[in-house]
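These notes concern the structure reproduced below.
In the numbering used here, the protein residues as written are 1144 to 1307.
See the structure below:
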């Protein structure tokens, strides 16, 4: 006969109709100082990691990033309620990054319930592959949709150098 507990699992064997049946029950010892709460936090983070990653990478403003037929990277931002003057696009070719930011001056209109978010934001996208020509970036803003187009860098053609 097996001991009633092995490690942290309780194992009980029952003999029923000449067949062995195994029941394994997860048994957790009560912890001191509420450590099971901390364990629960870590368990929920690592078990549901894709959900946490999705929560941290999605947000305001909503953006679509895709490549067009010419190989250009196109970023479209839904920015309803902003004017061109409130939007800034900063390009740092040495860091290979594009930063889109907006500044808003919120005025107190009294007890008005707003459904369209108009808050300041900063989004930075980094070109780790270094395959985009950031200096030829173009931007277009129309009807609340900011479109930033970054062309792909031309591939370097092989050349021969004459020796003198």
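We put the CB at the ideal spot given by N, CA and C, even for glycine.
Remember, predicted model here, so these are calculated numbers, not experimental data.
Euclidean distance between Cα positions of residue 1266 and residue 1306: 49 Å
DSSP-derived helix/strand/coil call for residue 1280: coil
Between the CA atoms of residue 1215 and residue 1264 - distance to the nearest angstrom: It is roughly 25 Å from the alpha-carbon of residue 1264 to the alpha-carbon of residue 1215.
Pairwise C-alpha distance: residue 1217 and residue 1211: 7 Å
Through-space distance from residue 1224 to residue 1275, alpha-carbon basis: 30 Å
Nearest residue (CA-CA) to residue 1286, options 1222, 1209, 1297, 1268: 1222
Residue 1290 vs residue 1219 beta-carbon contact at 7 Å: yes
Where residue 1298 falls: helix, strand or coil (DSSP): coil
Residue 1208 versus residue 1268 - alpha carbon distance: Residue 1268 has its alpha-carbon roughly 10 Å from the corresponding atom of residue 1208.
Distance, residue 1227 Cα to residue 1277 Cα: 21 Å
Classification of residue 1293 by the beta-carbon crowding that lies within 10 angstroms, buried from 16 upward: buried
Residues near residue 1206 in its chain [Cβ-Cβ closer than 8 Å; skip 5 each side]: 1218, 1219, 1220, 1221, 1266
Cβ-based neighbour list, residue 1204, same chain, cut-off 7 Å, excluding 5 preceding and 5 following: 1220, 1221, 1222, 1264
Status (buried if at least 16 other CB within 10 Å, exposed otherwise) for residue 1245: buried
CB of residue 1234 within 7 Å of CB of residue 1282, strictly: no
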